[in-house]
Each structure stands twice: as C-alpha cells, then as structure tokens.
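**Q** Here's a structure for you.
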Amino acid sequence: MSDLLGDLSKLSEQGVVANIDLELCRFLLQEEEEVSDLVLLAGCLLSYLYRQGDVCLALDQYAGQPVFDEAEDIGNMTAPALDSWVKALSQSSSVGSPGDFKPLILDKANRLYLHKLWYYEDILARQLLERREKQTAEINMDILKDGINRLFEDGQDGVNWQKIAAVNAVKNRLSIISGGPGTGKTSTVVRIMALLLEQSEAFGDKISIALTAPTGKAAARLKDSILSAKNTLDVTDDIRKAIPDNAMTLHQLLGARQRTSAFRHNEENPVPYDVVIVDEASMVDQALMSKLLQALLKDTRLILLGDKDQLASVEAGAVLGDICGISENGFSKEGVDWLKHLNINIPGSCLRAAPQPLLDNITLLTKSYRFGAQSGIGQLATSINRGDVEEALDVLESPEFEDANLVGIENQLAFEELLSGHITDYFQQIKQSNSVNEATEIYDNFRILSAHRRGPWGVEKLNRLLERLLREQHFIPKYEQWYPGKPIIINTNNYILNLYNGDTGICLADEQDELKIYFRDENHIRCVAPARLPDHSMAYALTVHKSQGSEFDNVLLILPDAPSKILTRELLYTAITRARTSITILGRESVLRDGLSKKMERTSGLRERFWNK
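Using my numbering, you'd call the opening residue of the sequence shown number 55 and step up by one each time.
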C-alpha cells in the first residue's frame, strides 16, 4: 500500500474522507499497479468533492494548495503544482480525454471528472443546445396575438415578462423560466399551456402535456396550483378541460425501477409527450436532468420552471443556475424581432449584439406580486442575491421593515425561553382550534427552519428540545408517542398512500377520538393512521432543504451556533423566501455575516458550454 493511501486511511478514521473515497483509490490501484500517488490524491479529492455537490475537480483551483484542511496529525497534505499534476494524470492509463472510455476524464480546461459525471454533463449540454436549435413548427400568429391579449396584461412599465416568457415558450422547443417567489411562474405556465392548446386546436392537432417536479411534494403543489389557476383563465371550456392538472414526479415520468438507477424510459424508449413541464427545476441534479433530456422525443417541447437563486439539488450539480448564466433579460436581434411581430416592445438595453447560445430561451421574471416596496422580506431577498451584506443587515435592523428581524442569542437559557414562547403559542392555537381544517391551517402558518440536520442547533436536537419544552409546560403527555398537535414529515415516497418525501402532517383526534395524521393539500385534507405511515420524522423544525417548494406565513430561521460551510447566501435566500408575511432570524450577527458573504459554488463545466465561448 502506498504511503499516501495510508495517510488517506487515517483521514477516513478521522471522518474527513469516506470509505467510498478510499474505494476509488483502491480501484485505481487495482487497474494500474504503478499508479502515481498524484493520481490517487486526485481520485480521492474528486470523490470527496462529488459528495459535496461538485461535478468535477478543477485542478487549477487546488494545485499547490493544502487539501483536506480538517486533517489532524498526518502532516501537511498539499496538492502538487499544476504542471506535474496534469502530467501525472495524462500519463495514467486510468485517465482519458473527453470521449474516451476511462474511469477518469481530464479535459483541456484541467477539469477532472468521474467518467459517468463527464458523460452526464456532455449529454446534458449537447441535448440542450440541440433542442435550442430546433424551433417549433408553424405558428398561427393571429391566434397567438389574440391569446396573449386575453391572458396577459401589459406591465406598468410597459414590459410584462410573463407574457414574453409565454410567447417564447410557444416559439421554442426549449424554454427556461426563472423567478423568485411571487413572480408568477405557475400563473405563466398555465397560460402557456392554454396558448399551446389553442395553437394545436387551430391546426387540428392534439398535444399531450406532462406536468412534473423532482419530488412528490412539489408535484402535489404544482397540481393544486394549476387546478386553481386554470379556472380563472379567459379561454373556452374545451381548452380549459384540456389543460392537465395531474402532476407526477420525474421518477414516475421516467419510469423508476427497483434496485437500479436506470429508468424504463430512455433514448430508445422515449416518454410519450409533446410537452414536458418541470417545476422546481433548481432541485433537479445533473444526472437526473441528463436522463430526462435523453428520454425526450426530438420534437418534445421542454419547459423548465424554477428559481436560479435558490439552493441547488442535494445531489451533484447546480443545473438551473448553470443554465441561467444571466442576471438580467437579454435577447438576440432575432428574438427582439419576434417579439415586435407580436407588438411586444422591450427596452433597447435588452438587445445583445453577440448573444450566447441559450439567451433567447431564458426569461427571468423580475416583478414580485407578493412583496411590495415596503416589504422587508422582498428587500432582504434582493440584498442577499446581490451579496450586499451591509444592506441586508440594515433591512433586518430597520424599524421601517417590521416583517424582517434579527434576534440575537445571549445564552442557552434565553434561546430556550424564546423557542418556548413560539412553540407554546402554536400549541395553544392548536388546542383552541375548532376543526381539523383550522388546525392544519395553523400548522401551515408557521415553521421553524434550521440550516443543519445535525449539530447543536440542527433540527434533530431542536425537535427533541421543542418536545421537551412542551412537556415541561404540560402541553403534551410525558410518555405517549402520539398526541394531538404533533407534526411529522415523510422521509420516503409511498405511492400507495399517495405520501411523498417532504410531505408534512399533523396528529389530531378524529370524531371517534382516535389519533390520525392529517395531510393538507390545497383543496382537501386526508388522514392516515399512524401505524400505516412510511418512514417519518418529527417536524416542529425542518431543514431549509426540506422546506424547498413550501411557503409559510411566518418563519423562524435558527442559525448555527458558529460559522458553517452549509450556511451560504443561497441557503439564506431560500429560507427567507419561504415566508409570506414575516421572517425572524435567530442567531449571532457574526454567523449571519459569514453566511451572507459566502456564495455556494459547485464546480462543473456546464456553464462554460453555454456562456463563456
């Protein structure tokens, strides 16, 4: 065994690297007996970074720098100089160039990939570019003009980006629509479906539309939103009936199979839809997005909806953020001329002389219909996205914005007293509620969020602490597992019960005084006996990741007790924009400053394929 592998094994014992990282090193040793330690170090670091969400290892970024700085008692483990590192990798029989079938792939930009991740990135980039180049068939312009005049109003400043997103979605096979909460993404997409159906009706065709999202919870929210929105449209009854309102997960769309990552639908067996709409696209990882693109028919229209500024997927990649490599709307001359044909004028500043490949396929929705000029939540979210730490703190401290506050923590006792006030107020409201409907509304009105699952102020300890505080106040029985008011979150999908990872429910007594878990969708409430529940956890507090796709009137965000790699600008933005009415941040200003100053960067080559040519 090489000396380096011995040192890496010590790192594994310390919990710095994982066994899977070492397993890649052992595989490389098995494939190439005389493999260089420089290759083993690259392999271990690549696997380590993959688990952090990176798609590849940027050698330029790490060359000559200390790596695994959490290491103890093994000396200074430093990456080699770039030239010697690239040379060692290039000479290894386990490392190939893009297009080779080798375990590791090294590209010309000195990015090192696991082969499968390079393959997913390459497929995804090529498929998006090919779909972008493929424009739609003939469009009946008179019907389109009539449709957009019926379904959209002009903006106060003369520009309605929802309308522009819609007409571009009618024109293009690929459309990406990004916007924050309250900017009307769902409202826009239901109108897009109406416009597409009116076009197909004009040409005597029928089109099939699939509504999808990465999680069951997100799919259920999309379904409810479409169902409500389509009933308000100024369209014929036939068009209204043709707008689908049944959403599924991407895994359901692709045909997930047990004990394999391969799907039933792929390039040889495409999904049978003319239009595929993906909501919450920021949550879709690179591998899944690549498999989706491969499984679409060549003429299928793909529409991606999401918020490019939100947290990226749990798995590797930040696909929506990489695709949306712009901070403001812009169009080619062709794109501007297309809008003019529809009597839509945009500011001259939006014209780009040298447009990048995906520019005309992306529309950013910039107007929030939820947060006004005097909204602290809206101002805070904008400041965070800009990376303006001082402005964000000013919003939190200003008496002008009553809906956004930072509350410092002096000590553990003060922390527990503040939490006790919030949680007992919640339980008093639950006890005083007169119906299941009212109780579930109370639960959905308030949520405690945390950056971490584990740790001193992670959700696991927070949930135990909150339950203890309730017992001390005699709100809940001392030894009972289930009691009225207990909230839970589902951890695994159960298609039989129609319960999905991320669904939240509350325990309440029914008319026979039996305890059931009640789950609220937008239009109805259903219950399940506790014994039938799939894997679940207590849910007084949720991680910010688990809260994605949800909205609550009031949010209490608990910061970690010390600076954390997880606490980034994107996580704070995601947490804050879960709130509709108020956001209270509980923690130290120094920890918040550190989080606001950090932007999550996930290394990949995808953005460069679209924006840096």
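Beta carbons are placed, not taken as given, at the ideal position from N, Cα and C, and that holds for glycine. Fair warning: this is a prediction, and the values are worked out from it, not measured in the lab.
Kindly indicate which residue of MET592, GLU252, ARG632 has the alpha-carbon position closest to the one of ILE261.
**A** Looking at the Cα atoms, GLU252 is the closest of the given residues.
**Q** Taking the Cβ atom as the reference point for each residue, do CYS378 and ILE416 lie within a distance shorter than 8 Å?
**A** For CYS378 and ILE416, yes; Cβs fall inside 8 Å.
**Q** Looking only at its chain, what residues have a beta carbon closer than 6 Å to the beta carbon of ALA633, apart from the 5 residues adjacent to it on each side?
**A** These residues qualify, in order along the chain: ILE431, VAL609.
**Q** Given 8 Å as the limit, is there contact between the stretch 600-618 and the stretch 637-656, that is, 3 or more CB pairs closer than that?
**A** With a cut-off of 8 Å, the stretch 637-656 and the stretch 600-618 count as touching, because enough Cβ pairs lie within range.
**Q** Can you name, in chain order, every residue of its own chain whose Cβ lies under 8 Å from the Cβ of HIS506, other than the five neighbours on each side?
**A** Around HIS506: GLY512, VAL513, THR597, PRO614, SER618, ILE620.
**Q** Where does the unbroken beta strand (DSSP E) through PHE500 begin, and where does it stop?
**A** Here the beta strand (DSSP E) through PHE500 covers 500-504.
**Q** What number of angstroms, rounded off, separates the C-alpha of TYR497 from the C-alpha of ASN517?
**A** Distance between the alpha carbons of TYR497 and ASN517: 15 Å.
**Q** Specify whether the stretch 370-386 and the stretch 317-337 touch according to this definition: at least 3 beta carbon pairs, one from each stretch, less than 8 Å apart.
**A** Short answer: they touch.
**Q** Which two residues bound the contiguous alpha helix (DSSP H) that contains ARG180?
**A** Counting along the chain, the alpha helix (DSSP H) containing ARG180 begins and ends at 169-187.
**Q** Just the Cα atoms here: how many angstroms apart are LEU58 and ARG656?
**A** If I take the Cα positions, the gap works out to 27 Å.
**Q** Closest to ASP45 by CA distance: which of LEU94, ASN226, PRO235 is it?
**A** No answer is possible for residue 45: the residues shown for the chain start at 55 and end at 667.
**Q** Under 7 Å from any heavy atom of the ligand FMN, does the C-beta of GLY236 make it?
**A** The model on display carries no ligand, and the ligand FMN is accordingly not part of it.
**Q** What distance in whole Å lies between the Cβ atoms of THR286 and ASN555, which are believed to be in contact at a cut-off of 8 Å?
**A** Contact flag wrong, Cβ pair sits at about 31 Å.
**Q** Hey, would you say LEU396 sits closer than 8 Å to VAL140, going by beta carbons?
**A** No.
**Q** CB LEU562 to CB VAL490, shorter than 8 Å?
**A** For LEU562 and VAL490, yes; Cβs fall inside 8 Å.
**Q** What is the DSSP secondary structure of LYS570, counted as helix, strand or coil?
**A** Strand.
**Q** Indicate the three-state DSSP secondary structure (helix, strand or coil) for ASN548 in the structure shown.
**A** It is a strand residue.
**Q** Could you pull out every residue in the same chain whose Cβ sits closer than 7 Å to the Cβ of ASP361, ignoring the five residues on either side in sequence?
**A** Within the same chain, ASP361 has close Cβ partners SER232, GLY233, GLY234, SER336.
**Q** Which residues bound the alpha helix (DSSP H) around MET343?
**A** Per DSSP, MET343 belongs to the alpha helix (DSSP H) from 340-348.
**Q** Short of 6 Å in beta carbon distance, which residues of its chain neighbour ASP75, apart from the five on each side in sequence? Order them along the chain.
**A** Only CYS98, SER101, TYR102 meet the Cβ criterion.
**Q** Can you tell me whether ARG185 is buried or exposed? The criterion is at least 16 other CB atoms within 10 Å of its CB, across all chains shown.
**A** Result: buried.
**Q** Would DSSP call GLY60 helix, strand or coil?
**A** Residue state, collapsed to three classes: helix.
**Q** Mind reading off the beta-carbon distance from GLN189 to LYS225? Whole number of angstroms is fine, and I expect it under 8 Å.
**A** The pair is a contact, with the Cβ atoms about 7 Å apart (cut-off 8 Å).
**Q** Would you check if the distance between the CB atom of ALA349 and the CB atom of GLU321 is smaller than 8 Å?
**A** Yes, the Cβ-Cβ distance between ALA349 and GLU321 is below 8 Å.
**Q** So ARG440 is in the beta strand (DSSP E); what residue range does that whole segment cover?
**A** Per DSSP, ARG440 belongs to no beta strand (DSSP E); it is in the alpha helix (DSSP H), 430-440.
**Q** Flag this pair as yes or no: are the beta carbons of LEU347 and LEU78 separated by less than 8 Å?
**A** Result no, Cβ atoms of LEU347 and LEU78 do not sit closer than 8 Å.
**Q** Mapping the DSSP letters down to three states, classify VAL34 as helix, strand or coil.
**A** In the structure as shown, the chain starts at 55 and stops at 667, and residue 34 therefore has no counterpart that could be examined.
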